[in-house]
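Participant:
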Amino acid sequence: MAANHSKNDRKTIEDFGLKRISASFEPIDVSFGRRFFNPNASDWQANSILVPETGRSMDRWHRLNSYALSLSQQAYIIFDVKTTSEEKIGSRRLTDMRAREMFIDNMRAASGGSDDALKTVKWLGGDMIISAVATKSIEDAFLRAGTTIGKTDAVVEVTPADGPGFAACFENNPLTSVVRSVLRNHAKEMGNAFIKRFIFITHGSDPFGDPILSIIAELGRPPVPS
Numbered sequence: 588m589a590a591n592h593s594k595n596d597r598k599t600i601e602d603f604g605l606k607r608i609s610a611s612f613e614p615i616d617v618s619f620g621r622r623f624f625n626p627n628a629s630d631w632q633a634n635s636i637l638v639p640e641t642g643r644s645m646d647r648w649h650r651l652n653s654y655a656l657s658l659s660q661q662a663y664i665i666f667d668v669k670t671t672s673e674e675k676i677g678s679r680r681l682t683d684m685r686a687r688e689m690f691i692d693n694m695r696a697a698s699g700g701s702d703d704a705l706k707t708v709k710w711l712g713g714d715m716i717i718s719a720v721a722t723k724s725i726e727d728a729f730l731r732a733g734t735t736i737g738k739t740d741a742v743v744e745v746t747p748a749d750g751p752g753f754a755a756c757f758e759n760n761p762l763t764s765v766v767r768s769v770l771r772n773h774a775k776e777m778g779n780a781f782i783k784r785f786i787f788i789t790h791g792s793d794p795f796g797d798p799i800l801s802i803i804a805e806l807g808r809p810p811v812p813s
């Protein structure tokens, strides 16, 4: 059952001893999604979430998460997120705050503390994916579609109608799992959003031969009763 949270349950990054700082932004940073939103919109903002380094004084901080968002484009893009010391299950947590909670608070902070942006956000994405498990998951999605990740750009879309193929998108993929967790645990705040499709994008390979990968989740919502 999806969880609903009241205003009294709200958790901010400050509640966990974290801080948010502004980061540099260029339209090229989100240009991978130009088919779906405008990278040149004037209201894009980028930020990083920091945690004090363990055993260090409060003037030494470690980056947990960096992202960009645009309210006008209804888009939120993750550049990196690391809440545990390693990818494997049971690794030491760097913060008790969950990635889904960071997303919720980041969106609220951008919209003056309200849930308005959460109820309308349409595009949730991740760019420059380097996680080994996420990379393998995306490669599998391309293989299921009969496409391989090579030196050229390619796109694969997966919808709930794809059944087992859609379910497989959540296997060993931190980003798709975060999207699902957000929708399950914050249904009310998100306007009962659901995943319409996953869009997996490869931009060929980098100079070392590693694939350049991005993911976009398109969200939908039930029609508003007339």
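To get our numbering, take the position in the sequence shown, counting from 1, and add 587.
Cβ atoms here follow ideal geometry from the backbone N, Cα and C, with glycine treated the same way.
Predicted model, so just to flag it, every value in this text is computed and none were measured.
How far does the alpha helix (DSSP H) with Ile725 in it reach, from first residue to last?
Facilitator: Start at 1 with the first residue of the sequence shown, and residue 725 comes out as number 138. Ala719 to Arg731 is the extent of the alpha helix (DSSP H) around Ile725.
Participant: My guess is that Lys783 and Glu805 are in contact by the Cβ rule of under 8 Å, so how many angstroms apart are they, rounded?
Facilitator: In the sequence shown, the residue the question calls residue 783 occupies position 196. In the sequence shown, the residue the question calls residue 805 occupies position 218. Sure, about 5 Å apart at Cβ, within 8 Å.
Participant: Suppose only complete runs of 4+ residues qualify. What are the alpha helix (DSSP H) ranges in the region 636-721, listed by chain order?
Facilitator: 686-697 and 703-707
Participant: With a floor of 4 residues, list each alpha helix (DSSP H) that falls wholly inside the region 735-761, ordered by position along the chain.
Facilitator: 751-755
Participant: Quick check on this structure: which residue in Ile615, Ile736, Arg680 and Ser659 has the alpha carbon closest to the alpha carbon of Asp797?
Facilitator: Mapped onto the sequence shown, residue 797 falls at position 210. Among Ile615, Ile736, Arg680 and Ser659, the Cα nearest to that of Asp797 is on Ile736.
Participant: Give the single residue among Arg685, Ala780, Ser657 and Phe729 whose Cα lies nearest to the Cα of Asp740.
Facilitator: For this step, residue 740 is matched to residue 153 along the sequence shown. With distances taken between Cα atoms, Asp740 lies closest to Phe729.
Participant: By the DSSP assignment, the beta strand (DSSP E) with His790 in it spans what residues?
Facilitator: Reading the sequence shown from its first residue, position 203 is the one you call residue 790. It spans Phe781 to Ser792 - the beta strand (DSSP E) in which His790 sits, taken as one unbroken run.
Participant: When you compare only the Cα positions, how much space is there between Ser764 and Phe757?
Facilitator: Translated into positions along the sequence shown, residue 764 becomes position 177. Translated into positions along the sequence shown, residue 757 becomes position 170. Cα to Cα, the separation comes out at about 6 Å.
Participant: Quick test of the definition: if touching needs 3 or more C-beta pairs under 8 Å, does the region 695-714 touch the region 748-755?
Facilitator: no
Participant: Which residues mark the beginning and the end of the beta strand (DSSP E) in which Lys606 is found?
Facilitator: Translated into the one-based positions of the sequence shown, residue 606 becomes position 19. From DSSP, the beta strand (DSSP E) with Lys606 extends over Lys606 to Ala610.
Participant: Report the CB separation of Ile788 from Val720 in whole angstroms; it is logged as a contact under 8 Å.
Facilitator: Residue numbering aside, residue 788 sits at position 201 when the sequence shown is read from its first letter. Residue numbering aside, residue 720 sits at position 133 when the sequence shown is read from its first letter. That pair is no contact at about 18 Å.
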